[in-house]
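To start, the structure itself, in structure tokens.
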Amino acid sequence: MVRLSRTPHRQPRTYYFPSNMSYSLLTSLYRHQFELILSSLLLDYSFHSQLATTNGPRIL
38 MVRLSRTPHR QPRTYYFPSN MSYSLLTSLY RHQFELILSS LLLDYSFHSQ LATTNGPRIL
């Protein structure tokens, strides 16, 4: 399954996946998850900073 052969310009992005479609599907899924995690972290950070400004200094 894992092919890390040193053949340049053969199929550069299909090292771990059987086809380009599954690769693009997985990358879109990972990108979506990453955006969700990033947005939740940003919301959490803004919420904590608001709490810190209203309640004084706060240890996160």
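Under my numbering, residue 97 is the last one in the sequence shown; the count climbs by one each step, no gaps.
C-beta atoms are modelled at their ideal positions from N, C-alpha and C, and glycine is treated no differently.
Excluding the 5 residues flanking residue i on each side, which residues of the same chain have their C-beta closer than 7 Å to its C-beta?
| i | result |
| --- | --- |
| isoleucine 74 | none |
Compare the C-beta of residue i against all C-beta atoms of chain E and say whether one is closer than 9 Å.
| i | result |
| --- | --- |
| serine 83 | The structure shown contains no chain E; it holds only a single protein chain. |
Keeping to the same chain, check which residues put their C-beta closer than 6 Å to that of residue i; ignore five residues upstream and five downstream.
| i | result |
| --- | --- |
| phenylalanine 54 | Residue confidence is low: phenylalanine 54 scores 49 on pLDDT, short of 50, so the model does not pin down where it sits. Its coordinate-derived value is still stated next. Tyr60. |
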